[in-house]
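Single-structure report; data block below.
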Amino acid sequence: MIMKTSIVILLLFVTTYMEVYSQTVTHSSESDERIISSEKIEYLNMEEGWAQEKKVWYYYGNRIMVVPVSYILRETIDSTYISNGTEIKIRITNYEESSGSYQTSEDGWAWENGIWTFNGDTVRSYPPSFTKKAQVGKMKIDSDDRKTIQTNKIEEFYRIDDEKWTWDSNRKMWFYDNVDIHKLPKYKIIKSRIVTLSH
0 MIMKTSIVIL LLFVTTYMEV YSQTVTHSSE SDERIISSEK IEYLNMEEGW
50 AQEKKVWYYY GNRIMVVPVS YILRETIDST YISNGTEIKI RITNYEESSG
100 SYQTSEDGWA WENGIWTFNG DTVRSYPPSF TKKAQVGKMK IDSDDRKTIQ
150 TNKIEEFYRI DDEKWTWDSN RKMWFYDNVD IHKLPKYKII KSRIVTLSH
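Residue numbering for the sequence shown is 0 to 198, as defined by numbering that gives the first Met the number 0.
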C-alpha cells in the first residue's frame, strides 16, 4: 500500500477567515483500487488572535492549551473510491459553532467586546485565571443528507500551569522566572462542567 499526502495551507484569512486544504491519495499496488480523500476546513468569525493548525489551537502563535470561546468552522470531507473503473463519491460536512464569554476576578483584567483588557488597555494575553462559558453546537451531514446535531454547554475554570509565570502590570506582559522569553503561559483546567444535549 502506497500513500502520498500533500497538504496546502491557504493563508486566506482576513482577520476572521482562514481556510486549510489537504488531500490524501491511497493506491493499492496489488489491485486497481484507489481512494482519493480531500479535506477542507474553513474557519469563520474566529476570536481575535486565534488560529488552528492540524486541529491544534494557537493564540498569537502560542499553544496555551485553551480553546477559544468564539468561532465557527465548517469541515468538508470528499472521498472518491475508484475500483475497476467504477467511482463512488461520498461527502461528509461537519459544522461547529461556539459562542460565549470569559469571566475573571483578577485585578485590572476585563473581557470587553471580544478582547482582553488590562487597566483599560488592550492586551494580547489571558489573565492568570479565568472562567470560560460557552455553548458549542455541532452538526454532521452525511452524503444522504442525514443530520446529526449535538449541543454542548461548557463551563471551564483555567489557571496558569506554571507558577514561575508572573504578569508585569507596568509593561503589561508575561515574564517566566523574571525573564521575557517572548511567549505566553500555558493553562490547565481546574474545574470543568459539560452538559450534552442531543437532538
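Here a beta-carbon is modelled for each residue, glycine too, at the ideal position from N, C-alpha and C.
Note that the structure is a prediction, hence the values are computed from the model and not measured.
So Asn151 is in the beta strand (DSSP E); what residue range does that whole segment cover? Annotation: the continuous beta strand (DSSP E) that includes Asn151 extends over 146-159.
Determine which residues share a DSSP beta bridge with Tyr58 and list them. Trp49, Asn61
Just to confirm, is the Cβ distance from Ser124 to Trp56 under 9 Å? no
Supposed contact pair Gly113 and Ser69 - C-beta distance, whole angstroms, cut 8 Å: 7 Å
Is it true that the region 129-149 meets the region 80-95, where meeting means three or more beta-carbon pairs spaced less than 8 Å apart? With a cut-off of 8 Å, the region 80-95 and the region 129-149 count as touching, because enough Cβ pairs lie within range.
By Cβ distance, which residues of its chain are closer than 6 Å to Glu38, with the 5 residues on each side in sequence left out? Ser21, Ile76
Between the C-alpha atoms of Met138 and Lys146, what's the straight-line distance to the nearest angstrom? 7 Å
Less than 9 Å between the C-beta atoms of Gln149 and Ser97, yes or no? No, these two residues do not count as a Cβ contact at 9 Å.
Same chain, Cβ closer than 6 Å to Thr85, five either side skipped, listed in chain order: none
Checking the sheet assignment: what are the DSSP bridge partners for Arg90? Asp77
Within the chosen definition, does the region 99-114 reach the region 53-67 through at least 3 CB pairs nearer than 8 Å? no
Under three-state DSSP, which class holds Lys182? coil
Compare the beta carbon distance of Arg73 and Glu46 with 9 Å and say whether it is the shorter of the two. no
Among Ile188, Asp161, Lys187, which residue has its Cα nearest to the Cα of Asp176? Asp161
For Met2, which three-state DSSP category applies? Note on Met2: pLDDT 41, under 50, position unreliable in the model; no value is reported.
Looking only at C-alpha atoms, which of Lys132, Asp179, Thr23, Ser197 sits nearest to Ser78? Thr23
By DSSP, does Ser142 sit in helix, in strand, or in coil? coil
DSSP state of Gly136 mapped onto helix, strand, coil: strand
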